Structures are given as C-alpha cells and as structure tokens.
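The numbering used here numbers the first residue of the sequence shown as 4 and each following residue consecutively.
Have a look at the structure below, then the notes.
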Amino acid sequence: MRLLAPVTLVASLAFALPATAAGKFHLKSADVKAGGTLTEQQVFSGFGCSGANVSPQLAWENAPAGTKSFVVTVYDPDAPTGSGWWHWVVYNLPAATMELAKGAGSGKAPLPEGTAQGRTDFGGPGFGGACPPVGDKPHRYIFTVFALKVEKLEVSADASPALIGYMTRASSLGSASFTAHYGRKK
C-alpha cells in the first residue's frame with residue numbers, strides 16, 4: 004500500500020505535464036512593448052492630447068482549455084479619478100480569435116463577427132488612447148486578455164466597464180496581460 008501512493012503521484016504528474024507543455028497564456032503586441040512606452044499612435048486625440056488614437060495590434064496564445072470567448076481591456080489605474088480609467092473594452096470575441104489587428108478598436112480594421120466594444124470612460128465604445136494630465140508621473144496602461152468559459156457576456160450595449168469587468172471575472176478561466184507607460188510634459 005505504501006508503494007501505491009508514490010506510483011499514483013508519478014502517474015498523475017505524467018498526465019499533468021502535457022497540459023503545461025503547451026505554454027503559459029501570453030499576450031503580446033507588435034506595436035507596444037511590455038514595460039515600454041506608448042507611442043503617439045496610441046495617444047488620444049482630444050482632452051488636450053493630439054495623438055492618432057489608434058488601437059495597437061494585440062495577439063495571444065496558449066489560452067486555457069475550455070475557452071469559449073475572450074474579453075480584451077485596457078485600463079489606467081493611475082488616472083486621478085479614484086477608480087482609474089477604462090480606455091478599451093472589447094467583449095464576445097469568438098474562441099477562435101487569437102489577434103486583434105492594429106486599428107481594430109479605432110474603426111481602421113475589422114473586429115471579428117459578433118464582437119462588441121463596450122463604453123469606455125471617454126463616454127462611448129471603441130479605443131480611447133492615453134491622455135494623462137500634464138505633469139503627472141507616467142501612467143500605467145494595463146492591456147489584458149481574459150479567456151472565458153461562456154460564449155457571450157449577456158450585457159446591454161451601454162453597459163459600464165465595471166459591469167463588463169464583473170461579468171468577465173465571474174466567467175474567467177484565466178488572463179494574460181502586459182503594462183506599458185505614458186506621460187506628458189505639455
């Protein structure tokens with residue numbers, strides 16, 4: 004009986020290894036480097052900022068088993084609001100989606116069929132680039148992709164980013180993210 008427990012443990016580990024061999028759920032961008040600085044392409048056009056307001060290309064790999072859809076968000080926890088700032092909320096991305104093209108959140112490239120963009124803190128749907136107050140330390144912009152166990156989030160078209168975030172986390176199988184920075188002097 005004592006030999007059975009170690010044999011069972013070794014057999015269990017052997018079956019678990021292929022699941023981890025696929026790699027870690029990972030998010031990357033050809034336009035924004037993790038830990039790097041956003042460019043004028045990803046800066047808002049308005050509120051005193053004069054960027055191009057183009058959403059960056061994003062790609063992910065190794066989603067958890069059982070993923071039925073994705074949500075992508077961009078969030079600034081440093082905005083002086085007391086609750087941060089939602090720059091982009093994209094939900095109901097089909098499970099086969101592994102990339103968003105540059106400009107997909109800005110109407111310059113298509114989103115996958117059935118995908119929705121939620122309202123941001125700028126007031127409407129779509130990508131809203133960085134635009135921190137002049138003189139603030141550079142803000143953090145957290146790009147995240149969530150893998151969900153549901154095919155669709157059942158939210159209204161005018162749902163707040165907080166409600167979409169709540170529904171996302173309630174159905175999440177895992178997430179991958181990276182952070183970029185941006186500050187402005189004038």
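Cβ coordinates follow ideal geometry from the N, Cα and C atoms, glycine included.
It should be emphasised that the depicted structure is a prediction, and the values quoted were computed from it without experimental measurement.
When the Cα atoms are used, what is the spatial distance from residue i to residue j?
i           : j           : result
residue 45  : residue 54  : 7 Å
residue 88  : residue 179 : 19 Å
residue 113 : residue 107 : 5 Å
residue 165 : residue 188 : 30 Å
residue 163 : residue 48  : 22 Å
residue 184 : residue 105 : 18 Å
residue 37  : residue 133 : 16 Å
residue 28  : residue 176 : 11 Å
residue 156 : residue 135 : 30 Å
residue 143 : residue 57  : 18 Å
residue 66  : residue 30  : 10 Å
Along the chain, where does the beta strand (DSSP E) containing residue i start, and where does it finish?
i           : result
residue 177 : 175-185
residue 95  : 88-97
residue 112 : Residue 112 -> no beta strand (DSSP E), and no H or E assigned at all.
residue 76  : 72-79
residue 43  : Unbroken run through residue 43: none, as it is neither H nor E.
residue 143 : 142-151
residue 62  : 61-64
residue 31  : 29-31
State yes or no: is the C-beta of residue i within less than 8 Å of the C-beta of residue j?
i           : j           : result
residue 147 : residue 76  : yes
residue 139 : residue 186 : yes
residue 93  : residue 123 : no
residue 110 : residue 64  : no
residue 102 : residue 62  : yes
residue 126 : residue 120 : no
residue 33  : residue 60  : yes
When burial is assigned at 16 or more other CB atoms within 10 Å of the CB, is residue i buried or exposed?
i           : result
residue 171 : buried
residue 79  : buried
residue 131 : buried
residue 83  : exposed
residue 50  : exposed
residue 86  : exposed
residue 68  : exposed
residue 159 : exposed
residue 12  : Residue placement at residue 12 cannot be trusted, given a pLDDT of 36 that sits under 50; the coordinates are not used to answer.
residue 137 : exposed
Under 8 Å: do the stretch 70-82 and the stretch 138-157 share three or more Cβ pairs, one atom per stretch?
The stretch 70-82 is in contact with the stretch 138-157.
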